[in-house]
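A quick write-up on the structure given underneath.
Numbering (UniProt numbering), first residue to last: 1 to 255.
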């Protein structure tokens with residue numbers, strides 16, 4: 001009981017767990033037994049789901065188990081990141097690894113794993129959400145280049161897949177290496193691929209809305225964009241900075 005209000009005579013009570021009062025020793029023993037029961041169930045559930053998690057990670061981090069060829073956009077994007085690292089003298093492999101992880105696995109796949117309702121017409125319960133959070137956290141740890149130091153006080157979701165993460169990390173490294181060894185994608189092939197994708201999905205997106213978003217971004221950072229285009233050799237040959245300025249001027253007049 002909290003100290004009562006002497007003026008009103010109201011007694012205020014604070015709810016506590018059973019083991020926080022009475023026989024402290026008995027409460028600790030009971031709490032430990034409950035934890036051990038749940039731990040056993042947790043490990044059993046992990047064992048049941050292990051193959052599905054392994055299959056998911058192996059599919060996402062493999063160029064040979066996709067059922068189709070690797071999308072050209074992934075190869076083109078990863079080569080672009082390597083090219084930028086070379087241009088700026090960045091030879092730390094961890095930096096290149098982190099760039100690629102932030103572009104694809106951590107930006108796209110984690111979101112899909114954590115929110116399957118974005119892709120499938122299903123209801124995600126709170127229990128399912130908690131379980132998928134563990135898988136998503138394991139996925140993120142697998143993409144990390146830092147060493148995970150775990151102890152007895154580490155959260156259970158970290159300890160659950162602690163022995164599996166080194167293997168998953170090797171899959172991520174192999175995946176990036178396999179993509180690096182694939183033949184380079186030319187600008188012409190990439191443009192043709194994008195044109196084909198635009199044709200296939202032409203009726204699925206609001207083009208005017210997308211253009212408006214791009215225009216808002218370009219107008220906000222117009223000085224930085226034109227300055228960067230002026231410094232790029234290919235952009236200077238195509239006079240892209242001048243074209244951007246013309247476009248912005250025309251849009252301002254129309255508005």
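The beta carbon of each residue, even a glycine, is placed where N, CA and C say it ideally should be.
Alpha-carbon spacing of residue i relative to residue j, whole angstroms
i	j	result
residue 26	residue 150	Confidence at residue 26 is low in this model, with a pLDDT of 49, below 50, so its placement is unreliable and the value that follows should be read with caution. Roughly 29 Å between the two C-alpha positions.
residue 196	residue 208	19 Å
residue 77	residue 189	13 Å
residue 47	residue 98	30 Å
residue 182	residue 228	30 Å
residue 250	residue 219	12 Å
residue 158	residue 134	8 Å
residue 256	residue 200	Nothing can be reported for residue 256: it is not among the residues displayed for the chain, which extend from 1 to 255.
residue 56	residue 241	44 Å
residue 39	residue 111	27 Å
residue 252	residue 246	10 Å
residue 124	residue 109	17 Å
residue 243	residue 140	41 Å
residue 118	residue 237	42 Å
residue 89	residue 204	41 Å
residue 154	residue 92	30 Å
residue 146	residue 94	9 Å
residue 120	residue 102	24 Å
residue 232	residue 130	47 Å
residue 11	residue 37	38 Å
residue 132	residue 100	23 Å
residue 187	residue 234	12 Å
residue 239	residue 87	22 Å
residue 214	residue 107	20 Å
residue 122	residue 116	8 Å
residue 198	residue 65	26 Å
Residue i vs residue j beta-carbon contact at 7 Å
i	j	result
residue 138	residue 175	no
residue 72	residue 225	no
residue 168	residue 144	no
residue 171	residue 61	yes
residue 222	residue 248	yes
residue 114	residue 136	yes
residue 70	residue 63	yes
Enclosing alpha helix (DSSP H) for residue i [first to last residue]
i	result
residue 11	Residue 11 -> no alpha helix (DSSP H), and no H or E assigned at all.
residue 108	Taken as a continuous stretch (DSSP letters only), residue 108 belongs to no alpha helix (DSSP H), as it is neither H nor E.
residue 156	156 to 160
residue 217	207 to 220
residue 180	165 to 181
residue 192	187 to 200
residue 237	233 to 237
residue 120	Element bounds for residue 120: n/a, residue is neither H nor E.
residue 127	126 to 143
residue 72	72 to 87
Nearest-angstrom beta carbon gap, residue j and residue i [assumed within contact, 8 Å]
i	j	result
residue 74	residue 104	7 Å
residue 49	residue 156	Not quite, the Cβ-Cβ distance comes to about 15 Å (not below 8 Å), so this is no contact.
residue 96	residue 79	About 11 Å separates the two Cβ atoms, so there is no contact after all.
residue 148	residue 165	7 Å
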